[in-house]
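**Q** I have a structure here, written as structure tokens, and I will follow up with some questions on it.
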Amino acid sequence: MFFLLLRKIYVLIFITAAFTSCVTKKKYDDLSARKSKLDLDIAACEKAMARVQADRKSVEEKLTELQATHQKMVKDSAETGVALRKTRSLYQELNNTYDKLIKNHDRLLSNSASESSRLSGDLARREAELLASKNQIDKLSADLKTREDRLNEMERVLAEKDKAVTNLRNKVSNALLGFKSNDLTVNVKNGKVYVSLSEQLLFKSGSTKVDPKGQDALQKLAQALRDQQEVNVLVEGHTDDVPVSKGTLGMKDNWDLSVLRATEITRILTNAGLTPERVTPSGRSKYVPVAQNTSADQRSLNRRTEIILTPKLDELFQILEKN
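Number 127 in full-length UniProt numbering belongs to position 127 of the sequence shown; there are no gaps in the numbering.
Here it is as structure tokens:
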């Protein structure tokens, strides 16, 4: 919606400039070219916003599905183990009964022919039950082993993923050691690495141009991530609840400010060597604060950029698809 409004404003400015000023054809052509480029930039931003929202929803759904499947497999394995133990107990009882029947067979032969026939039928039935129980045990044992193998494989991959996330956090932290902790933090949350950079490190108030010190931090981060091809990068711009000053060029509100800052940081990261396909800019405005906006210090904490590093989960999804 705000991209459409922005486009209308640009068109209005263009028309006003064209019809209220005496301009040469060269200036008119220059204004037309600038309008076309702005239209392309707005379209690209809209496309990127749609893609990041779709990707985020897809990753959250897949993670939810993965967690549910993992819990179900653990529950199913436990239930199968209980069934196996019960069946083994039944198998042992049937074996004991069979032994007793064999021991009493000679003694019972002295009974009447009908009694002997009845016992023989009972013995045959017991033998059939034993065979059926053995087959069931074999089937349950094979099924339990398959589930345990898949569960072990999933736990192995999850452990490798956690190890990769930890290694990634350490690598990023080492690359950014020279910066103050109140300007830059690196944490792990929900299986992702969060690099949080303060506004003080990156931007002057209300600006979308990254300061030299912030550019240095971003270039070092990009250098640490160049060989991490299995990691997707999401750049989220965040603001406090103070409205954008009226007359700020190119910005209507905090949505614009957060998106433009995220886009500028994305350009720096890709210019420093990250492939554009891995990096997605996103603006969150004032709606995801980390502190209440009741003091200057708390607002300062909310004015930040978060770079979220997410390892790909292809191997885990392949394990799930085997079932």
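We put the CB at the ideal spot given by N, CA and C, even for glycine. In this text the structure is predicted, and so the values were computed from the model without any measurement.
For R303, which three-state DSSP category applies?
**A** In this structure, R303 counts as coil in the three-state DSSP scheme.
**Q** Going by Cα to Cα distance, which pick from S32, G81 and T280 is closest to A44?
**A** For A44, the nearest C-alpha among the options comes from T280.
**Q** Give the C-beta separation of A217 and L176 to the nearest angstrom, bearing in mind that I take them to be a contact with Cβ-Cβ under 8 Å.
**A** The Cβ separation is near 6 Å, so the contact holds.
**Q** Which value, in whole angstroms, describes the spacing of the CA atoms of K35 and L249?
**A** Answer to the nearest angstrom: the Cα atoms are 16 Å apart.
**Q** Go through its chain and collect everything with a Cβ distance to D241's Cβ below 6 Å, but skip five positions before and after it.
**A** Only K286 and N293 meet the Cβ criterion.
**Q** Looking at the structure shown, is N254 part of a helix, part of a strand, or coil, going by DSSP?
**A** If DSSP states are grouped into helix, strand and coil, N254 belongs with the helices.
**Q** Roughly how many angstroms separate the alpha carbons of K213 and K246, rounded to a whole number?
**A** Approximately 28 Å between the Cα atoms of the pair.
**Q** Would T239 and L225 be called neighbours here (beta carbons separated by less than 8 Å)?
**A** No, Cβ-Cβ distance for T239 and L225 is not below 8 Å.
**Q** Quick check on the DSSP output: the beta strand (DSSP E) that includes E236 runs from which residue to which?
**A** Run containing E236: V231 to H238, per the beta strand (DSSP E) assignment.
**Q** Please name the residue in V233, D297, A124 and K161 whose C-alpha comes closest to that of S198.
**A** That would be D297, whose Cα lies nearest to the Cα of S198.
**Q** Which first and last residues belong to the alpha helix (DSSP H) in which G214 is found?
**A** G214 -> alpha helix (DSSP H) spans P212 to L225.
**Q** For L184 versus L201, is the C-beta spacing smaller than 8 Å?
**A** Yes.
**Q** Tell me whether the region 160-180 and the region 138-152 touch, counting them as touching only if at least three CB pairs, one residue from each stretch, are closer than 8 Å.
**A** Result no; under three Cβ-Cβ pairs closer than 8 Å.
**Q** Closer than 8 Å is the cut-off here; do at least three beta carbon pairs connect the region 82-93 with the region 125-137?
**A** Touching, yes.
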